[in-house]
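Below is one structure; the comments refer to it alone.
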């Protein structure tokens, strides 16, 4: 069945008007706002928004936030109820097998060292010493970099915390 072109255009316009009407009225209905959404300046034909909040913005959504906080807490509690016993099992298995593995690895290492020539052992010891010194130097430099970034994070947080305090003081 074919729809005549004129009817199709009218149907499209009608659907578009419905979508526009819903987009204008639906947000106010959800928020409980009964103030008019817009007023048209008849002389200019330009819609203008009315800034009339019926509730304080801080009060909006408090119940929803509390509900979400409760849901988050419940899911976290369930998560830990299931995860904590598994972590305890993993810890017990590690405590059981790690010493055995370490002893076997030490035994293997000793056997390998006994079969090396003294010159090769000396080269290995020099290499190990230099690599250890390099690792220590790297750790020190990384600690300095981390501290620098931590200091910057702290300064940024303090700056924005102060701006938030100033904003709240201006509201009251």
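Residue numbers (my numbering): 168 to 339.
Here a beta-carbon is modelled for each residue, glycine too, at the ideal position from N, C-alpha and C.
All of these numbers come straight from a predicted model, not from anything done at the bench.
- Residue 234 sits in a helix when the DSSP states are folded into three classes.
- Note on geometry: alpha-carbon atoms of residue 257 and residue 267 lie some 16 Å from one another.
- Assignment of residue 339 by DSSP, reduced to helix, strand and coil, places it in the coil class.
- Put simply, the backbone Cα of residue 251 is about 34 Å away from that of residue 318.
- In its own chain, leaving out the 5 sequence neighbours on each side, no residue places its CB closer than 8 Å to the CB of residue 231.
- Here residue 228 carries a coil assignment [DSSP, helix/strand/coil].
- The three-state reading of DSSP puts residue 283 in coil, since its state is none of H, G, I, E or B.
- Scanning its chain for C-beta atoms nearer than 7 Å, with the 5 sequence neighbours on each side dropped, one finds no residue around residue 326.
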